[in-house]
Structures are given as C-alpha cells and as structure tokens.
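Numbering (our numbering), first residue to last: 280 to 580.
The beta-carbon is built from N, C-alpha and C at its ideal position, and this holds for glycine as well.
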Ligand code: 13P
Ligand code: SF4
C-alpha cells in the first residue's frame, strides 16, 4: 500500500479530519479534507464532527483548533512548526502593555500564543481585521494591536481608530520589497498585484489588493486579469494554479519561503496518524478565556 492509501485508510479508521493551510507543501495540500486561510480553518475546526483533527500548518493554528474544539484531539505532525511572529509577544509583555494603557481594548492577530489570546478582548485574522475593528470598536476607543505591526498599520489605514502597535512582524513577508513588485510589474505590465497584509506598508502601497491567502484565491477567480503577481509566501502559487488553472501567477519573490510552513510532509503526516502525536495540550483556564476572544471574532466576521 502506498503512503497516500495508508493515510486515507488510517484517517477513516480513526475518524480524523486533515486541515491544511494554503502554504503547505503541495503533496500535503493534495491530501487535505479542507484547505484554507486561518479564518476558514478555524471555522472548520469549530464545526467538524471528526474525533481527531490533524492540523497541517503552524503551531498557533493547531492551538486555535484546540481552543475551538477542546473535546477533540488536535494533532500537529511536527511540533517544531512554529510561527516566529507569534513568538514575538508573550502574555507577560501584553499584561505590561495593558497596565500602561488601561483604557485600551486588546485586538490580537491569531498568529499569537494561546496565553496571549486569553488576555485579549478580541482576535482577528488577515481576512477580517478591518471588519471586526469597525464592528467592535467605536471611533474614540484606543486599540492595542499585537503582534503584527504591518497588519496593524494596514488595518489602521482602513479605519478611523487609534492604535497602539506592538512591533512584531513576519520575517517571511517583511522580505517582500517594493522593488520585487516593480520588477515583476515591468516584466508583466498587464498583471494585477495582490499582496498579504503582513507585508510592509511600502509594499502594500504598490498592490491592487491586500488579501488573506483564501481572499487571494477568491480574487483570482473573480478578476478579469489573466496574470497576477503574488506578494506572499511563494507556496501560495500552488493552490492558486489549482483553483484557477487558466490564469498565470508570478510570485513577487521566490526567496521568501516560510521554513516552518514546509516542515510537514506525507511521512510525518502518516506517523502523526499512527501514533497520534504531537497532541496539542492547553490548560483549561487558558482555553476558556482564549475561546471567548476567538468566538467573538467568528461572530463578528
Ligand atoms: P492567512 O490567514 O491569510 O492564511 O495567513 C496566515 C499566515 O500565517 C500568513 O503568513
Ligand atoms: Fe508566521 Fe510568517 Fe510563516 Fe505566516 S508566513 S506562519 S506569519 S512566519
């Protein structure tokens, strides 16, 4: 039996579901039950009736699945698949910031540890940050935004609110420079440009759209443009081509891979199904507090 058949058989036997983020290795994407961005995968995790969630993504995403489905076993095939940006803020640092700005509300990007979500009023993803701010906060309210300074700046540019911004960033998206987009645009003048809002403001300024990864797939399907320059992790070109085979996609830069997103492969996925490790475990009191801030986001978006 080949590895794909083994994974499929075990998945059925154990009533497991395989959730896969859009940046994962192609062979992992091809075996997914559900693909998506952070928002879409959170929704799937909350709604699934499987007993086990195998999460192929990075650790904060598997943690979010556990927070939303605490009665399920949530497994990440490689415990070392983290997100450097999520690790740029701790609960202790957030508590200090809250002390400094006691009047401010805390909006936390899902790319963050569970303990930080537990100290937050509300969470957001790259797909809904603008919408949740408009719905949840009044114009006079101050908002502490952690940990991504670039998503915070992008969100602030779209709404009329006061932001206190933590200086975290994604090392992968921070490497996508305006020159990368300019170079591709010169080579493909008819192409539209879409970028992820984790990019620098000067990079976003050159784009036609700033979108989450699943937002990119939707835009690619709907636009009349036949060519699109893609300013995000270059693995994104694979699901885009699969979803919209008649269009051409050019990664803004191929030097910007997210090494953590590439840690999971079919061998690790099979091992994870065989021995159900690594299991995500979170203290109950953290789960209930973090769940409130994520659930509020799902209700608003
Ligand atoms: P999306 O929610 O847009 O998929 O982004 C997740 C992420 O980690 C981007 O770097
Ligand atoms: Fe984290 Fe950036 Fe990798 Fe996304 S691409 S998982 S934000 S390091």
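Per DSSP, reduced to three states, the secondary structure at residue 331 is strand.
Taking every protein chain shown into account, the CB of residue 281 has fewer than 16 other CB atoms within 10 angstroms, so this residue is exposed. Here residue 417 is exposed. Its C-beta has fewer than 16 other C-beta atoms within 10 Å.
With contacts defined as CB atoms closer than 8 Å, residue 425 and residue 374 fail to qualify as a contacting pair. Residue state for residue 559 is assigned as coil, using DSSP reduced to three classes. Nearest to residue 456 by alpha-carbon distance, out of 412, 570 and 512, is 512.
CA-CA distance, residue 341 to residue 559, rounds to 7 Å. Within the model, the alpha-carbon separation for residue 503 versus residue 519 is close to 15 Å.
Of the residues assessed, residue 294 falls on the exposed side of the cut-off, its CB having fewer than 16 other CB atoms within 10 angstroms. For residue 494, the enclosing alpha helix (DSSP H) begins and ends at 492-501. In this structure, residue 474 and residue 453 do not form a Cβ contact; the two beta carbons are roughly 12 Å apart against a cut-off of 8 Å. Per DSSP, reduced to three states, the secondary structure at residue 527 is strand.
Judged by DSSP in its simplified three-state form, residue 386 adopts strand.
In the DSSP assignment, the residues bridged to residue 488 are 473.
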